[in-house]
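In terms of our numbering, the sequence shown is numbered consecutively and its last residue is 851.
Glycine residues also receive a C-beta, built at the ideal position from the N, C-alpha and C atoms.
Note that the structure is a prediction, hence the values are computed from the model and not measured.
Please read the structure below before turning to the comments.
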Amino acid sequence: MEANVPVQDPFSLVIQQLRKINADLTSLIQKYVQAQGFANLDIPRESASMDVVNWTEMTAEQRLLANLTAFLELERRLERVIEEQKELLHPQEHILHGDLHNMLGQVAALREQLEQIGEIFGLSRGNSSDTDGMEVVGGSVFDKKVRGYKVLKELSVWSIRSVRDILKIQREREKYVRESMKEAETLMERVETHIGRE
């Protein structure tokens, strides 16, 4: 029975997960803003910005490593946000806290899927593990509220950028596989022709 279940390639799974994260973040950010009493906050989102020329010139490995590093960092920062919000949120905001936990689970699952793609390209998990100390902790209650908002916003930006990254990596990978298969077929034809002449 299980043999008839279609197996999705890891690239499609990641793209699907990214789109779900982005869709869920839309309502989560709105809930967060309402719970914290923010009318609107305009926080810089430089982390996922990329000069078009530089972005185009990135190799698949560089592109993938950038995504792995970003989501690993954001996963850790979201963990800290959840710990801080546990103390700040009113007990009636248990739904929001549950949604934050759910988002953390989605980001962790996405990071694992990205690591699986990384293994295809020979990227070790250690290459993207050193992100400690990249986020300031502590601060006032307002600082903690803003920090949570900023993490959610950066997640939203990366979930959009990463779809473009993974689609590009997927196309490059498929092109490489097609060319490799074509080269193998050409080589086999030459071998068979040589054998036939003997």
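Proximity winner among the options, relative to residue i (alpha-carbon distances)
i    : options                   : result
A761 : D662, P663 and Q670       : Q670
K807 : Q715, A713, N720 and H750 : The displayed chain sequence assigns Glu, not Lys, to residue 807. When each option's Cα is compared against that of E807, the closest is N720.
S809 : E740, L820, K739 and M756 : M756
Y685 : R814, Q661, K803 and D818 : K803
E740 : D677, V794, R730 and L820 : V794
N675 : I813, D818 and L820       : I813
G801 : G751, D662 and E732       : E732
Three-state secondary structure (DSSP) of residue i
i    : result
Q745 : helix
F774 : coil
S781 : Here S781 scores only 47 on pLDDT, less than 50, and its place in the model should not be relied on; the value that follows carries that caveat. Reduced to three states, the DSSP call for S781 is helix.
Q715 : helix
D662 : coil
G690 : coil
A656 : Note that A656 has pLDDT 47, beneath the 50 cutoff, so the model's placement of it is unreliable and no number is given.
V667 : helix
S793 : coil
Contact under 8 Å by Cβ, residue i with residue j
i    : j    : result
L717 : L666 : no
F691 : I822 : no
L681 : L805 : yes
F774 : A723 : no
Distance between residue j and residue i (C-alpha atoms, nearest Å)
i    : j    : result
L742 : V799 : 13 Å
I770 : K797 : 34 Å
K673 : E825 : 24 Å
A688 : K828 : 47 Å
I848 : E728 : 57 Å
E765 : L749 : 24 Å
V816 : E768 : 16 Å
I668 : L678 : 15 Å
I735 : L753 : 7 Å
P744 : N707 : 46 Å
R730 : E737 : 11 Å
M711 : D818 : 10 Å
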